[in-house]
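*Asks:* According to full-length UniProt numbering, the stretch in the sequence shown is residues 1 to 95, in order. Could you have a look at this structure, given as structure tokens, before my questions?
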Amino acid sequence: MTDPATVIRSILKEADELICRRLRESRLNVSHILAVVTPDRRVVLHTNASPDVLRWFGEDLKSIAQDITAPTTPGTIAPKLGDTTAPKSGGPTRH
């Protein structure tokens, strides 16, 4: 059986090539981060971001996770982070 991380790396490389091309065509010089989390909690990352940008992004992710795990109304149970079947909160979207 093929290692899932190996397959994911290949998929992210392909996606990264498309994203880089589209950003160049749009004359946008930005950092981008592509990440996939496997069921066994391994993070597969493909990025052109600097270590500083990754640190800032990590701090933003912590804040987003805090927002997601905070119940939106009394008596509700916060969804498990990464639960794609959980209802979406009505809170603001961060980009």
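Heads up, the beta-carbon is just placed ideally off N, CA and C, and yes, glycines get one too.
Does the region 7–17 come close enough to the region 38–54 to have 3 or more Cβ pairs within less than 8 Å?
*Replies:* Enough Cβ pairs lie closer than 8 Å, so yes.
*Asks:* On a CA-only basis, which of Pro-39, Leu-54 and Thr-69 is nearest Ser-31? Give me that one, please.
*Replies:* Looking at the Cα atoms, Leu-54 is the closest of the given residues.
*Asks:* Measuring straight from C-alpha to C-alpha, what distance separates Ser-50 and Asp-3?
*Replies:* Rounded to the nearest angstrom, the two C-alpha atoms are 27 Å apart.
*Asks:* Terminal residues of the continuous beta strand (DSSP E) containing Val-44?
*Replies:* Segment 43–47, the beta strand (DSSP E) holding Val-44.
*Asks:* Within this structure, are the beta carbons of Thr-38 and Ala-65 separated by less than 8 Å?
*Replies:* It is not a contact, given that the beta carbons lie outside the stated cut-off.
*Asks:* May I ask you to report which of helix, strand or coil DSSP gives Val-7?
*Replies:* It is helical.
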